[in-house]
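**Q** Dropping the structure in here first, questions after.
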Amino acid sequence: MDLFFFLLFAIIAVVCGVNVIAQRHPISSALSLIGVMGSLAVLYLLLGAAFIATAQIIVYAGAVMVLFVFVIMLLNAGAEERTGRRSLIAQIFGIPALIGLLGVLCYFVQRWFPNAGVVNFDAWQGGSAQNIGYSLFTDYLLPFEVTSVLILIAILGAIVLARKELD
Amino acid sequence: MVFFIITIIKLAIIAFVLLTALAYLQWVERKVIAHVQVRMGPSRVGPHGLLQPLADVIKLITKEGVIPPHVNKFFYLGAPFLAVFMALISISVIPFGTEVTLFGYTTKMQLADVNVGLLVILAVSSMGVYGIALGGWASNNKYSLLGGLRSSAQMISYELPLSLALASPLLIMGTLSLREIADAQSGFQLGFIPKWAIFSAPFPQIISFLIFMIAAFAETNRIPFDLPEAENELVAGFHVEYSSMKFAAFFMAEYANMVTVCSVATLLFLGGWHPLWPVAYGSNFVAPVVLFIAGAVCIYHGLNPARPMDKYTLPAFGVIFFLLAALMAFPPVIPVLMPLFWFLAKVGFLLFVFIWIRATLPRFRYDQLMGFAWKFLFPVAVLNLLVTGFLVALAS
Amino acid sequence: MNGLPVPNGVPISWFLLLSAVLFALGVAGFIIRRNILTVFMCIELMLNAVNLTFIAFANQHRQVSGQIFTFFVMVVAAAEAAVGLAIILTVFKNRETLNIDEVNTLRN
Numbered sequence: 001m002d003l004f005f006f007l008l009f010a011i012i013a014v015v016c017g018v019n020v021i022a023q024r025h026p027i028s029s030a031l032s033l034i035g036v037m038g039s040l041a042v043l044y045l046l047l048g049a050a051f052i053a054t055a056q057i058i059v060y061a062g063a064v065m066v067l068f069v070f071v072i073m074l075l076n077a078g079a080e081e082r083t084g085r086r087s088l089i090a091q092i093f094g095i096p097a098l099i100g101l102l103g104v105l106c107y108f109v110q111r112w113f114p115n116a117g118v119v120n121f122d123a124w125q126g127g128s129a130q131n132i133g134y135s136l137f138t139d140y141l142l143p144f145e146v147t148s149v150l151i152l153i154a155i156l157g158a159i160v161l162a163r164k165e166l167d
Numbered sequence: 168m169v170f171f172i173i174t175i176i177k178l179a180i181i182a183f184v185l186l187t188a189l190a191y192l193q194w195v196e197r198k199v200i201a202h203v204q205v206r207m208g209p210s211r212v213g214p215h216g217l218l219q220p221l222a223d224v225i226k227l228i229t230k231e232g233v234i235p236p237h238v239n240k241f242f243y244l245g246a247p248f249l250a251v252f253m254a255l256i257s258i259s260v261i262p263f264g265t266e267v268t269l270f271g272y273t274t275k276m277q278l279a280d281v282n283v284g285l286l287v288i289l290a291v292s293s294m295g296v297y298g299i300a301l302g303g304w305a306s307n308n309k310y311s312l313l314g315g316l317r318s319s320a321q322m323i324s325y326e327l328p329l330s331l332a333l334a335s336p337l338l339i340m341g342t343l344s345l346r347e348i349a350d351a352q353s354g355f356q357l358g359f360i361p362k363w364a365i366f367s368a369p370f371p372q373i374i375s376f377l378i379f380m381i382a383a384f385a386e387t388n389r390i391p392f393d394l395p396e397a398e399n400e401l402v403a404g405f406h407v408e409y410s411s412m413k414f415a416a417f418f419m420a421e422y423a424n425m426v427t428v429c430s431v432a433t434l435l436f437l438g439g440w441h442p443l444w445p446v447a448y449g450s451n452f453v454a455p456v457v458l459f460i461a462g463a464v465c466i467y468h469g470l471n472p473a474r475p476m477d478k479y480t481l482p483a484f485g486v487i488f489f490l491l492a493a494l495m496a497f498p499p500v501i502p503v504l505m506p507l508f509w510f511l512a513k514v515g516f517l518l519f520v521f522i523w524i525r526a527t528l529p530r531f532r533y534d535q536l537m538g539f540a541w542k543f544l545f546p547v548a549v550l551n552l553l554v555t556g557f558l559v560a561l562a563s
Numbered sequence: 564m565n566g567l568p569v570p571n572g573v574p575i576s577w578f579l580l581l582s583a584v585l586f587a588l589g590v591a592g593f594i595i596r597r598n599i600l601t602v603f604m605c606i607e608l609m610l611n612a613v614n615l616t617f618i619a620f621a622n623q624h625r626q627v628s629g630q631i632f633t634f635f636v637m638v639v640a641a642a643e644a645a646v647g648l649a650i651i652l653t654v655f656k657n658r659e660t661l662n663i664d665e666v667n668t669l670r671n
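Protein chains in written order, with my numbering: chain A, 1 to 167; chain B, 168 to 563; chain C, 564 to 671.
Encoded structure:
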């Protein structure tokens with residue numbers, strides 16, 4: 001059952017990932033990226049990180065990607081045109097080389113981590129809001145405060161860059 | 168396996184009840200707005216217009232679904248579907264009552280008791296923005312693009328005060344599971360004041376409740392924040408190119424969102440399914456008494472009918488109300504139905520407030536709306552969170 | 564594949580593989596695509612792949628620090644998206660194009 005869920009969401013994630021780079025219109029890429037984030041959120045949930053999974057949907061898929069979609073709509077970005085400058089070698093050997101590279105990668109990862117352990121979903125639920133909150137506000141308090149300053153700087157930067165020039 | 172079958176049965180019941188309730192919520196809205204404006208509202212289709220939602224559904228299904236040729240078909244067809252999908256998912260984590268035991272099987276009155284239930288509702292309402300933004304963009308029309316963008320910007324701006332207003336009572340309750348939040352508000356302090364969050368000990372969460380309700384109006388695109396979809400501004404905004412069932416889907420999504428935010432407000436601030444005063448002082452009699460009074464009013468008006476058809480329909484409704492009152496007074500059924508009654512009464516009251524405000528207030532201009540969110544509501548929500556946190560830290 | 568571990572769980576290496584595949588897709592998209600917005604989205608794809616690795620290792624070592632790191636990665640990604648999109652808007656206002664091949668002069 002664990003294997004089935006993992007394979008299902010991993011395949012959805014990879015298909016959406018391929019779609020992100022293969023689609024011509026940026027808004028289709030954006031929606032495929034939201035699909036990747038959603039399936040990754042389910043995988044985080046199965047890995048015991050319930051808070052991070054919902055934070056991923058609220059912050060990443062629900063705010064950052066909305067920002068992307070807004071900019072695409074405002075700039076009226078159209079579909080990319082294909083130019084005919086592709087080299088013949090890339091077209092023939094591109095996909096087989098990619099599959100070969102991934103095969104080599106699989107082999108090496110299996111070699112290096114043969115007894116790395118098995119994940120049983122639901123075996124560890126340590127990612128609850130309490131644990132994360134406790135860790136965040138005691139051990140990692142300084143990075144937390146620094147990221148608040150970082151967000152403030154980002155807000156100021158975005159406002160300054162995007163405002164109309166006062167002539 | 169048993170869990171699976173019970174869940175499917177609950178799913179069927181909740182889906183049926185919810186979809187019927189959404190259709191009749193529209194009837195209630197039209198009747199209430201009509202009576203506020205001193206007119207009748209739907210009254211021809213069936214007794215008191217009760218079959219009007221059925222007529223609307225038939226009309227919308229059989230209307231010609233025009234798909235304009237200049238739209239981006241995939242997103243045009245997918246946007247209302249996405250909106251309804253997200254709106255209905257958030258209903259699945261809302262608890263309606265306590266645990267019930269029927270025919271030997273114990274189950275909770277909730278579809279999915281997730282221990283981060285509140286975050287799931289926030290997540291799904293963040294995703295609900297996409298239905299409107301994509302619907303507006305895919306229609307390939309200046310007005311719907313502007314309406315869609317304005318509506319999405321409004322929804323994400325008001326998500327901030329909404330989340331901060333939700334964080335304040337969470338500091339007091341200490342849990343994210345919706346069922347545990349409602350259960351933390353059981354009991355009474357000083358003997359008769361319920362321990363609801365708006366009356367709670369370190370800091371009564373009244374400001375949070377008001378901020379949440381205001382932000383909820385903006386999140387669901389209701390008046391006074393409904394400029395992006397108003398019919399006399401922007402040529403009806405983001406759904407101008409939609410017809411028949413797709414248009415109905417957007418409206419069903421809006422009503423489902425309304426039900427969700429009212430349920431969350433009830434669970435977090437008004438104590439969920441816990442009664443207003445203790446059972447020892449007779450709060451179990453509220454339901455039968457209210458229904459009895461409703462039945463008596465119906466029968467009285469049935470005896471002096473204003474219209475000839477009322478001579479038959481109003482007494483029939485009176486008899487139905489009397490039967491319901493008898494049901495609610497029946498002791499074996501009380502532990503199951505009484506929490507459900509209180510929950511539905513509170514949610515119904517909040518929905519009535521939504522409809523009442525729609526009938527009463529004019530709408531904001533867009534810059535007033537956004538200025539209100541960022542310059543007033545967000546700082547007040549932050550201050551409220553600070554004060555609550557400080558008082559909770561002092562108290563413990 | 565021989566050497567497949569016990570079937571009633573998912574080996575950690577599979578999560579790392581998924582993460583590597585997504586990261587490789589992100590890099591490929593970053594290099595191949597010419598629309599600046601798609602390039603930006605491939606950066607976000609890479610960040611998501613890294614998040615998955617962190618959470619997988621947090622589960623394996625039964626510590627919550629991996630998830631805290633993911634939290635910070637998300638915050639930084641959000642800040643970067645905000646500023647980056649503001650820059651893209653400014654570039655679009657000046658150059659009227661979203662094609663990164665055409666934004667290759669240092670002055671107009």
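Using N, Cα and C, we set each Cβ at its ideal position, and we do this for glycine too.
Hey, out of B:460, B:272, B:512 and B:274, whose CA is closest to residue 487 (chain B)'s CA?
**A** Start at 1 with the first residue of the second sequence, and residue 487 (chain B) comes out as number 320. Minimum Cα distance to residue 487 (chain B) is reached at B:460.
**Q** Per DSSP, what are the beta-bridge partners of residue 268 (chain B) in this structure?
**A** Numbered from 1 along the second sequence, position 101 holds the residue referred to as residue 268 (chain B). Paired residue(s): B:273.
**Q** Touch check for the region 147 to 160 of chain A and the region 56 to 74 of chain A: three-plus C-beta pairs under 8 Å?
**A** No, because fewer than three Cβ pairs between the region 147 to 160 of chain A and the region 56 to 74 of chain A fall closer than 8 Å, the two stretches do not touch.
**Q** At what residues does the alpha helix (DSSP H) containing residue 253 (chain B) begin and finish?
**A** As a working note, residue 253 (chain B) is residue 86 in the second sequence. Here the alpha helix (DSSP H) through residue 253 (chain B) covers 240 to 256.
**Q** Does the Cβ-Cβ distance between residue 365 (chain B) and residue 376 (chain B) come in under 9 Å?
**A** Working through the second sequence from its first residue, we reach residue 365 (chain B) at position 198. Working through the second sequence from its first residue, we reach residue 376 (chain B) at position 209. It is a contact, given that the beta carbons lie within the stated cut-off.
**Q** For residue 130 (chain A), name the three-state secondary structure that DSSP assigns.
**A** Position 130 of the first sequence, counting from 1, holds the residue named residue 130 (chain A). Correct three-state label for residue 130 (chain A): helix.
**Q** With 9 Å set as the bound, which would you pick, yes or no: does the beta-carbon of residue 556 (chain B) sit closer than that to a beta-carbon of chain A?
**A** As a first step, residue 556 (chain B) must be located in the second sequence, where it is residue number 389. By this cut-off, residue 556 (chain B) is not an interface position.
**Q** Where do the ends of the alpha helix (DSSP H) carrying residue 604 (chain C) lie?
**A** Walking along the third sequence from the start, residue 604 (chain C) turns up at place 41. It spans 599 to 624 - the alpha helix (DSSP H) in which residue 604 (chain C) sits, taken as one unbroken run.
**Q** Mind reading off the beta-carbon distance from residue 314 (chain B) to residue 298 (chain B)? Whole number of angstroms is fine, and I expect it under 8 Å.
**A** Taking the second sequence and counting its residues from 1, one reaches residue 314 (chain B) at position 147. Taking the second sequence and counting its residues from 1, one reaches residue 298 (chain B) at position 131. Not really, about 13 Å apart at Cβ, beyond 8 Å.
**Q** Going by DSSP, name the residue or residues bridged to residue 522 (chain C).
**A** Past the edges of chain C, shown from 564 to 671, lies residue 522 (chain C), and the structure says nothing about it.
**Q** Quick check on DSSP: helix, strand or coil for residue 630 (chain C)?
**A** Against the third sequence, residue 630 (chain C) aligns to sequence position 67. Reduced to three states, the DSSP call for residue 630 (chain C) is helix.
**Q** Apply the 10 Å Cβ neighbour rule to residue 406 (chain B) and answer buried if 16 or more other Cβ atoms are within range, or exposed otherwise.
**A** Within the second sequence, the letter at position 239 stands for residue 406 (chain B). With 16 or more Cβ atoms within 10 Å of its Cβ, residue 406 (chain B) is classed as buried.
**Q** Alpha carbon to alpha carbon, how far is residue 184 (chain B) from residue 556 (chain B)? Give it in angstroms, no decimals.
**A** For the purposes of this step, residue 556 (chain B) is taken as residue 389 along the second sequence, with counting starting at 1. For the purposes of this step, residue 184 (chain B) is taken as residue 17 along the second sequence, with counting starting at 1. Their Cα atoms are separated by approximately 39 Å.
**Q** Within 8 Å, do at least three Cβ pairs link the region 622 to 633 of chain C to the region 100 to 111 of chain A?
**A** Taking 8 Å as the limit for Cβ pairs, the verdict is that the region 622 to 633 of chain C does not touch the region 100 to 111 of chain A.
**Q** With contact counted as at least three CB pairs below 8 Å, one residue from each stretch, are the region 308 to 326 of chain B and the region 423 to 437 of chain B in contact?
**A** Verdict: no, contact absent.
**Q** Within its chain, find whatever has a CB closer than 6 Å to the CB of residue 210 (chain B); leave out the 5 residues flanking it on each side and keep chain order.
**A** If you number the second sequence from 1, residue 210 (chain B) lands on position 43. Closer than 6 Å at the Cβ level, and outside the excluded window around residue 210 (chain B), lie 216.
**Q** Strictly below 7 Å CB to CB, what residues from chain A border residue 601 (chain C)?
**A** One-based indexing of the third sequence puts residue 601 (chain C) at position 38. In chain order: 26 and 29.
**Q** Would you mind telling me which residues of chain E sit closer than 7 Å to residue 550 (chain B), beta carbon to beta carbon, in chain order?
**A** The structure shown contains no chain E; the protein chains it does contain are A, B and C.
**Q** Counting beta carbon pairs with one atom in the region 588 to 595 of chain C and one in the region 49 to 57 of chain A, are three or more of them shorter than 8 Å?
**A** No, because fewer than three Cβ pairs between the region 49 to 57 of chain A and the region 588 to 595 of chain C fall closer than 8 Å, the two stretches do not touch.
**Q** Output needed in chain order: residues of the region 301 to 321 of chain B with a Cβ under 7 Å from some Cβ in chain A.
**A** Those would be 304, 312, 316 and 319, in chain order.
**Q** Output the boundary residues of the alpha helix (DSSP H) element that contains residue 506 (chain B).
**A** Reading the second sequence from its first residue, position 339 is the one you call residue 506 (chain B). That run of the alpha helix (DSSP H) goes 501 to 527.
**Q** With a CB to CB cut of under 6 Å and the five nearest residues on each side skipped, what residues in its chain are close to residue 57 (chain A)?
**A** The residue labelled residue 57 (chain A) in the question sits at position 57 within the first sequence. Counting only Cβ-Cβ distances below 6 Å, and skipping sequence neighbours, we find 41.
**Q** With a cut-off of 8 Å, do at least 3 Cβ pairs link the region 445 to 453 of chain B to the region 260 to 271 of chain B?
**A** They do not touch, by the three-pair rule.
**Q** Indicate whether at least one CB of chain A lies closer than 9 Å to the CB of residue 326 (chain B).
**A** Within the second sequence, residue 326 (chain B) is the residue found at index 159, counting from 1. True, the Cβ-Cβ gap to chain A drops below 9 Å.
**Q** Measure the CB-CB distance between residue 608 (chain C) and residue 20 (chain A) and report whether it falls below 9 Å.
**A** Indexing the third sequence from 1 puts residue 608 (chain C) at position 45. Indexing the first sequence from 1 puts residue 20 (chain A) at position 20. Closer than 9 Å, so yes.
**Q** Could you pull out every unbroken alpha helix (DSSP H) segment of at least 4 residues lying fully inside the region 351 to 409 of chain B, listed in chain order?
**A** Correct list: 373 to 386.
**Q** Please work out which residues of its chain come closer than 6 Å, Cβ to Cβ, to residue 518 (chain B), disregarding the five sequence neighbours upstream and downstream, and give them in chain order.
**A** If you number the second sequence from 1, residue 518 (chain B) lands on position 351. If we look at residue 518 (chain B) and ignore the five residues flanking it on each side, its Cβ neighbours are 429.
**Q** Can you check which of these residues, B:378, B:363, B:506 and B:395, is closest to residue 452 (chain B) by C-alpha distance?
**A** Against the second sequence, residue 452 (chain B) aligns to sequence position 285. Ranking B:378, B:363, B:506 and B:395 by Cα distance to residue 452 (chain B) puts B:506 first.
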